[in-house]
Every structure is written in C-alpha cells, then in structure tokens.
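*Asks:*
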Amino acid sequence: MSGTHDTIFEEPDTTQGRLERLGAHAYLIVIALLTAGPYLIMVSISLMGNGWNPVVPPKLIPEAVSLQNYIDVWAGQTALLDQPFSGFFINSLIYAVGATLTVLVVDTLAGYAFARLEFAGRDISFLAVIATLMISPMILFVPLYTWFNQFGLVNTRIGVILPHTFTGFGVFLMRQFIKTLPSDLEDAALIDGCSRFGVFWRVVIPMMKPALVTLGIITFITVWNSFLWPLVLARDSALYNLPVALGFFQGRTSTLWAPLMAATAITLVPMVILFISMQKYYVRGFTIGGIKG
Amino acid sequence: MSFEESRTDTDAESALFEVATSVKQQLGINRDQDNLMGWMFVLPNVVMFLVFLLGPVLFAFFISFQDWNILKNEGTWVGLTNYIEILQPWPWENNFAALKDPTVNLWWYSLKNTAVYAIGTVPLQIFGGLAIALLLDKRVRGKKIYRAAYFMPVMLSGAASAVMWRWFLAADGVINGLLEPIGLAHNWAGDPATALGGVMLMAIWGGIGSNMIFFLAGLQNIPEELYEAARIDGASDWEKFRHVTWPNLGNTSFFVIVMAIISSFQVFGIALAFSAGGPYYSTTTSVLLIYQRAFEEGQMGVGAAMAFLLFILIFAFSYYQYRYRQSEEVDY
Chain A
43 MSGTHDTIFE EPDTTQGRLE RLGAHAYLIV IALLTAGPYL IMVSISLMGN GWNPVVPPKL
103 IPEAVSLQNY IDVWAGQTAL LDQPFSGFFI NSLIYAVGAT LTVLVVDTLA GYAFARLEFA
163 GRDISFLAVI ATLMISPMIL FVPLYTWFNQ FGLVNTRIGV ILPHTFTGFG VFLMRQFIKT
223 LPSDLEDAAL IDGCSRFGVF WRVVIPMMKP ALVTLGIITF ITVWNSFLWP LVLARDSALY
283 NLPVALGFFQ GRTSTLWAPL MAATAITLVP MVILFISMQK YYVRGFTIGG IKG
Chain B
579 MSFEESRTDT DAESALFEVA TSVKQQLGIN RDQDNLMGWM FVLPNVVMFL VFLLGPVLFA
639 FFISFQDWNI LKNEGTWVGL TNYIEILQPW PWENNFAALK DPTVNLWWYS LKNTAVYAIG
699 TVPLQIFGGL AIALLLDKRV RGKKIYRAAY FMPVMLSGAA SAVMWRWFLA ADGVINGLLE
759 PIGLAHNWAG DPATALGGVM LMAIWGGIGS NMIFFLAGLQ NIPEELYEAA RIDGASDWEK
819 FRHVTWPNLG NTSFFVIVMA IISSFQVFGI ALAFSAGGPY YSTTTSVLLI YQRAFEEGQM
879 GVGAAMAFLL FILIFAFSYY QYRYRQSEEV DY
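Sequence lines, in order, name chains A and B.
Each position in the first sequence, counted from 1, maps to that position plus 42 in our numbering.
Each position in the second sequence, counted from 1, maps to that position plus 578 in our numbering.
#1: Expressed to the nearest angstrom, what Euclidean distance is found between the alpha-carbon atoms of B:Ile-848 and B:Trp-743?
#2: Here's a check: name, in chain order, each residue in its chain whose Cβ is nearer than 6 Å to the Cβ of A:Gly-34, leaving out the five neighbours to either side.
#3: Below 7 Å CB to CB, which residues in the same chain sit around A:Leu-227 once its five sequence neighbours on both sides are set aside?
#4: Please work out which residues of its chain come closer than 8 Å, Cβ to Cβ, to B:Ala-771, disregarding the five sequence neighbours upstream and downstream, and give them in chain order.
#5: Starting from the beta carbon of A:Tyr-154, find every residue of chain B whose beta carbon is closer than 8 Å, and list them in chain order.
#6: With DSSP as the reference, label A:Thr-57 as helix, strand or coil.
#7: List the endpoints of the continuous beta strand (DSSP E) containing B:Gly-653.
#8: Using a Cβ-Cβ cutoff of 8 Å, what residues of the stretch 67 to 85 of chain A are near chain B? List them in chain order.
#9: Give me the chain A residues within the contact set of B:Gly-787, using Cβ-Cβ distance strictly less than 9 Å, ordered along the chain.
#10: Which ranges does the beta strand (DSSP E) cover as unbroken runs of at least 3 residues, wholly within the stretch 784 to 851 of chain B, from first to last along the chain?
#11: For A:Phe-317, is the classification buried or exposed, using 16 other Cβ atoms within 10 angstroms of its Cβ as the cut-off for buried?
#12: Taking only beta-carbon positions, decide if A:Phe-317 is within less than 8 Å of chain B.
#13: Give the straight-line distance between the Cα atoms of A:Ala-231 and A:Thr-207, rounded to the nearest whole angstrom.
#14: From what residue to what residue does the alpha helix (DSSP H) around A:Asp-114 run?
#15: Per DSSP, which residues does B:Trp-686 bridge with? Please list them.
#16: With C-beta atoms as the reference, is B:Val-700 less than 8 Å away from B:Ser-788?
#17: Can you list, in chain order, the residues of its chain with a C-beta nearer than 6 Å to that of B:Leu-794? Leave out the 5 residues immediately preceding and following it.
#18: Of the choices B:Gly-633, B:Gly-657 and B:Ala-727, whose alpha-carbon is the least far from that of B:Ser-642?
#19: Taking the CB atoms as reference points, tell me whether A:Leu-182 and B:Leu-734 lie closer together than 8 Å.
#20: Using the rule of at least 16 other Cβ atoms within 10 Å of the residue's Cβ for burial, across every protein chain shown, is B:Gln-798 buried or exposed?
#21: Label B:Ile-890 either buried or exposed according to how many other C-beta atoms from any shown protein chain fall within 10 Å of its C-beta, with 16 as the threshold for buried.
#22: Would you please verify whether the beta carbon of A:Arg-60 is less than 8 Å from any beta carbon of chain B?
#23: Report the residue ranges of all alpha helix (DSSP H) runs contained in full by the stretch 716 to 781 of chain B; include only those spanning at least 4 residues, in chain order.
#24: Beta strand (DSSP E) containing B:Trp-646: first to last residue?
#25: Using 8 Å for Cβ pairs, my map puts B:Ser-864 next to B:Ala-696. What's the rounded Cβ distance?
#26: Run down chain B in chain order and give the residues with a C-beta less than 8 Å from the C-beta of A:Ser-128.
#27: Is the Cβ of A:Glu-105 closer than 8 Å to any Cβ of chain B?
#28: Please check if any C-beta of chain B sits within less than 8 Å of the C-beta of A:Gly-65.
#29: Please tell me whether A:Val-7 and A:Leu-273 are closer than 8 Å, where the distance is taken between their beta carbons.
#30: Look up A:Val-196 in the DSSP assignment and say whether it is helix, strand or coil.
#31: Mind checking whether A:Pro-220 and A:Tyr-323 have CB atoms under 8 Å apart?
#32: Taking a Cβ distance cut-off of 9 Å, strictly less, list which residues of the stretch 709 to 732 of chain B are near chain A, in chain order.
#33: Need the endpoints of the alpha helix (DSSP H) that A:Val-282 sits in, please.
#34: Assuming A:Leu-257 and B:Tyr-724 form a contact by the criterion Cβ under 8 Å, report the distance between their Cβ atoms to the nearest whole angstrom.
#35: Give a yes or no on whether the minimum CB-CB distance between B:Gly-606 and chain A is below 8 Å.
#36: Taking beta-carbon pairs under 8 Å, can you tell me which members of the stretch 276 to 289 of chain A lie near chain B?
Here it is as structure tokens:
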C-alpha cells in the first residue's frame with residue numbers, strides 16, 4: 043500500500059522512538075487478540091475430540107488434537123446434525139458462485155454503459171439504481187416470497203440465487219472504477235473499427251481486475267453469509283446454506299459445543315482463504331473505485 | 579456500419595475516418611447508436627431492478643393494505659387496518675408503557691430495542707474502525723497480518739458468529755468460567771436485562787473490521803502533500819488529525835455513518851441466532867418482528883406494513899443526515 047501517513051513508525055531510532063513503536067504494536071496486538079482471538083478459541087475447541095466440558099477455570103487447549111468433530115459434522119454423524127454438513131457447504135457454494143458470476147457480468151456491463159456511453163435516460167436510471175442502496179431488503183422479501191410462491195420458485199436453488207443478483211452497490215462501484223480509467227485506448231480501438239462490445243471485452247475488461255476482484259469478494263461474502271432469504275425460501279432442509287443450517291441446529295441443543303464449533307469453523311474457511319489471497323486487490327478496489335475521502 | 583468495421587491503416591484513411599466521425603456526430607448518428615448500445619448494456623441490470631426491486635416495493639405497498647392469504651396468494655382489501663393495528667395504542671396514549679412492557683405493543687417495544695441497539699453499537703463501530711485504520715495507515719511491520727486479523731469478524735456470517743458468542747456467553751460458557759472466580763458469573767443470554775447487550779457486543783465486534791477497510795481506503799486518498807505542509811508548519815499529531823485527516827475523510831465518514839445506521843436498523847440474523855428474540859422479547863428487533871409476523875405466523879399484510887413503516891423511518895434518517903451534511907459543507 044502506497045501513501046502511508048506515518049508518524050509514530052518513522053520516529054528516529056532513539057529510545058523514545060523505539061518505546062513509542064513498541065507501545066503502538068502492543069495496542070495493535072491487543073486489538074488483534076480481541077478480533078481474532080475468539081476464532082482461535084473456536085478452532086481450539088473444535089479440535090477436542092472428546093468434546094468440551096465446562097470447568098472453572100475454562101480449559102481451552104485440547105489435550106489431544108483430533109479432527110473427529112470435523113469428520114462427524116461433515117458426514118452428519120453427530121447427535122447435533124442428522125444431515126451431512128457437506129450438503130450445506132455445496133449449497134452455499136452453488137448460491138455464492140451463481141450469484142457472484144451473474145453480478146459480475148450484469149454490473150460490469152451496466153457500469154460501462156453508465157460511465158462511457160451517452161444514451162437517453164442514462165442519468166435518471168443511474169439515479170434509480172443508486173437510490174436502491176437505501177431500501178431495506180426486508181421490505182422486498184414479503185412480495186418476492188409471494189411471487190416466487192406463485193411461480194413455483196419457493197424451495198428451489200434458483201429461487202435462492204435470483205434476488206441476490208441485483209445490487210446497486212455493484213453498478214456504482216463498476217461505474218466509478220471505469221470512470222478513473224483513461225479513455226484514450228478505447229477511443230483508439232473505436233477508431234480502428236472495433237465494435238462497442240469489442241472495446242468493452244478486449245480493452246476495458248483487462249484493466250478492471252482490481253474492481254472485479256473487489257466486487258466479486260463482496261458479493262461472494264454477502265451471499266455465502268446470507269441468512270434471511272435462504273431461511274425464508276428454503277422450506278426443505280436439503281436446500282439450507284451454511285448459516286441457516288447453523289442457526290437451525292443451534293436451537294436444538296445447548297451442550298454439543300465442540301461439534302458446533304467445528305461446523306462454524308467450516309463455514310469460515312473459504313472466506314479466510316478468499317480474503318487473504320485477494321486482500322491486495324480488495325483494498326485497492328475500494329480506493330480507486332469507491333468512496334473518495 | 580461497414581465503414582466502421584474496415585480497418586484504417588494509412589494516415590489518409592484515418593484522417594478521412596475522423597472527418598466522417600465528426601460529420602456523423604454533427605448529424606447525431608453516433609448518438610442514436612449509443613442509445614441502442616447503452617440500453618443493451620444496461621438492459622439486464624434494468625430488468626433485475628424492475629423485477630427484484632421496484633416491483634417488490636410497489637407490491638409490498640399494495641399487500642400492506644390487504645389481509646393477505648399466503649396459501650391462496652390473494653388478499654382482501656382492509657384499508658389502513660394493518661397499520662392501525664401495528665401502531666395502536668400510540669406510545670403517548672399510555673405514558674410510553676409500550677417502551678417498558680412488550681405486551682402493550684410489540685412494534686413500539688421492538689423499535690425501542692432497535693434504537694438501543696443502534697445507539698449502543700454505531701458510535702463504537704465507527705470510532706473503533708477509524709482508530710484501527712489510523713494506526714494501520716502508518717508504515718508498520720506486519721500490517722497485512724494485523725489487517726487480516728481485524729477483518730476476521732467480518733468474514734463470518736452473523737448467524738455463525740451468534741453461534742460462537744452464544745457459547746462464549748452461555749451460563750456454563752467460557753466467559754463465565756473466567757468470571758466465576760471473581761463472583762461475576764451470570765447467565766448473559768438468558769437474562770432479559772443483559773441479552774440485548776450480548777447481541778450488541780457481537781455487533782460491535784463484527785462491525786469494526788468493515789469500517790476499517792472503508793477508512794483505510796479513504797485515508798489513502800488524502801494527498802501526502804497536505805501532511806507535508808502540516809509538518810512544516812509544526813503541527814502536532816492531534817492538529818494533523820483535526821485539520822488534515824478528519825476534514826478530508828468527510829465523504830468516507832458520511833458513507834460509513836449512513837451505512838452503519840441503516841444496517842443497525844436492519845439487525846436481524848444475530849438476534850435470531852443468538853436468542854431468537856427472547857428472553858421475554860428483550861432481543862426482538864423490528865426486522866425480527868417483521869420476520870415472525872410474515873413468515874412464522876403467515877400475516878404477510880401486517881409484515882409488509884411493518885416493513886414499510888421501517889423503510890420510511892430509515893429513509894427519513896438517511897435524508898436528514900444528507901441534509902445535515904449539506905448544511906455543514908457550506909461552512910467550509
């Protein structure tokens with residue numbers, strides 16, 4: 043990351059400078075323990091093959107590390123979960139990938155048109171798309187449910203995906219990003235006789251990697267974690283995604299914490315991999331495309 | 579069209595092409611083509627906007643005046659009955675009893691819960707995110723690791739983190755295990771007085787990371803020269819923050835504050851997974867109440883009317899903030 047506005051960390055190598063640096067790191071580490079610490083405890087408990095028992099003081103380090111909880115949860119072999127967790131995992135993956143791909147295609151196309159093309163009704167329709175950011179999704183669920191009920195989309199995978207495919211935020215992000223790109227290359231390609239779509243596909247898309255990654259991650263995380271709509275629409279537990287399955291099974295028990303922690307850890311793994319591998323683009327996509335300070 | 583598709587390799591040809599293009603622009607031919615192309619590009623998005631957004635909003639408005647039968651997919655017109663049923667008795671009619679007792683009127687009680695939640699979480703989410711972003715904006719070793727650690731809570735779904743926190747705060751959970759020796763053990767999730775506090779704790783913990791990302795992005799857009807100038811003028815760290823960082827973060831802060839307030843009004847998943855609205859309605863937020871009315875009890879008309887009332891409230895808040903910000907900008 044460029045453009046750092048350093049004060050503390052650029053102090054000269056004096057005793058005072060070193061002390062200040064140490065103090066800042068201590069502060070950062072304490073916060074890191076507060077945010078990431080619960081996950082470490084969660085993972086630690088999930089590795090206790092014999093389960094976790096409440097004792098004072100609480101025992102948080104497993105005596106013997108075992109993946110048994112993960113295996114049981116994944117295959118649906120615990121008293122907590124009578125269905126294999128692998129099915130919920132696959133559902134989550136289908137929903138997230140399906141919605142993300144659709145959003146990327148639709149929002150990039152629209153973002154390009156809003157940024158570069160002049161057409162009748164452009165400004166008013168862009169404004170309408172932006173206004174949607176203010177609308178509470180809750181208001182949409184009652185009518186969408188009744189419509190989906192009518193068209194036989196309740197309790198289907200496609201029904202779970204569809205409402206996630208419209209995002210005003212995505213269009214806004216794509217438009218802002220394309221506006222920051224120099225248009226000389228596109229003009230040159232147009233003059234060379236490239237079609238509008240050719241320009242979009244061969245010139246604009248290759249320059250959009252940070253924005254595509256950012257929107258892709260945001261959409262993927264949102265849909266992977268979505269709770270209310272899948273809860274409402276998936277009547278059959280075979281269609282549950284991971285958060286709904288977790289919330290649902292949690293109500294049934296209060297004691298089987300170790301397998302429950304393993305189940306929770308499973309929902310988190312893809313997100314962590316996604317964020318860590320893409321975090322360079324993620325912050326940059328926001329910086330360029332987004333909300334300028 | 580065939581003219582545009584042919585390649586122009588020589589200078590003469592490209593000069594001719596430029597003349598032709600400018601003639602076409604004069605005649606408005608390019609405009610027409612952009613009209614068609616523009617609408618083709620935005621068509622999928624517009625269709626989705628109409629089907630998944632504008633349509634449902636209008637239909638929700640319609641349903642809110644109906645006694646809607648979910649099985650038959652039809653309703654009977656009942657006028658304002660749903661709204662009256664939700665809103666009455668008005669809080670001032672009975673000395674604001676609804677704010678203390680959920681059995682008087684659950685809508686007002688749920689709004690009180692939502693307001694308490696919003697007031698308790700939004701400032702801490704925002705200032706926490708800003709404080710961390712300010713520290714991480716410096717040249718610090720291990721920045722990537724810190725950033726990933728702070729972003730962890732954002733990645734876990736509300737429902738999943740509720741499961742985790744439920745365990746931390748359970749009667750026989752870890753936090754009580756630590757508090758028991760000093761005599762402070764308590765059934766946090768099971769006591770109406772503390773259950774909402776548990777939900778709020780979870781929300782603050784989960785909300786700081788995403789605000790941090792927004793503020794980090796905003797900080798990177800502040801030109802380095804401004805800090806250079808402040809340094810030459812001998813400004814202290816606080817003065818730099820007060821006169822350079824904060825004014826230049828205006829748009830980011832506005833965005834973050836509006837989004838935080840909007841999402842705090844929509845809190846649902848964590849309250850449902852943490853305590854299912856209980857004990858004794860202490861974590862029944864407005865959206866949770868809408869969910870229960872519409873999808874658990876099948877009263878779609880009442881649910882839609884509640885959703886609309888909440889929408890008006892959120893819209894009014896966002897609009898007020900927008901106006902307030904505009905009036906503030908004049909001062910600069």
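Every residue gets a Cβ at the ideal spot worked out from N, C-alpha and C, and that includes glycine.
Bear in mind that the values here come from a model prediction, so they are computed numbers and not experimental data.
*Replies:* Answer, in terms of the structure:
#1: One C-alpha to the other measures close to 10 Å.
#2: As displayed, chain A neither begins before 43 nor continues past 335, which places residue 34 of chain A out of reach and without an answer.
#3: Val-245
#4: Hits under 8 Å: Ser-860.
#5: Phe-619
#6: helix
#7: 652 to 655
#8: His-67, Tyr-69, Leu-70, Ile-73, Ala-74, Leu-76, Thr-77, Ala-78, Pro-80, Tyr-81, Ile-83 and Met-84
#9: Thr-77
#10: none
#11: buried
#12: yes
#13: 31 Å
#14: 110 to 117
#15: B:Trp-686 pairs with nothing; no bridge assigned.
#16: no
#17: Ala-711
#18: B:Gly-657
#19: For A:Leu-182 and B:Leu-734, no; Cβs fall outside 8 Å.
#20: The residue is buried, with at least 16 neighbouring Cβ atoms inside 10 Å.
#21: Within a 10 Å sphere around the beta-carbon of B:Ile-890 sit fewer than 16 other beta-carbons, which makes this residue exposed.
#22: no
#23: 721 to 733, 736 to 746 and 752 to 757
#24: 644 to 647
#25: Contact doesn't hold; Cβ gap of about 11 Å is too wide.
#26: Result: empty, since nearest Cβ-Cβ is about 17 Å, beyond 8 Å.
#27: Using a CB distance cut-off of 8 Å, A:Glu-105 does not count as an interface residue toward chain B.
#28: no
#29: As displayed, chain A neither begins before 43 nor continues past 335, which places residue 7 of chain A out of reach and without an answer.
#30: coil
#31: Just to set this straight, residue 220 of chain A is Ile in the shown sequence, not Pro. Taking 8 Å as the Cβ cut-off, A:Ile-220 and A:Tyr-323 do not qualify as a contacting pair.
#32: Ala-709, Ile-710, Leu-712, Leu-713, Leu-714, Asp-715, Lys-716, Arg-717, Val-718, Arg-719, Gly-720, Lys-721, Lys-722, Ile-723, Tyr-724, Arg-725, Ala-726, Ala-727, Tyr-728, Phe-729, Met-730, Pro-731 and Val-732
#33: Reading off the sequence shown, one finds Tyr at residue 282 of chain A, where the question assumed Val. A:Tyr-282 -> no alpha helix (DSSP H), and no H or E assigned at all.
#34: At roughly 25 Å, the Cβ-Cβ gap does not stay under 8 Å, so A:Leu-257 and B:Tyr-724 are not in contact.
#35: Annotation note: pLDDT 46 at B:Gly-606 (below 50); position unreliable, coordinate value reported separately. No - not a single Cβ of chain A is within 8 Å of the one on B:Gly-606.
#36: Leu-284, Pro-285, Val-286, Leu-288 and Gly-289
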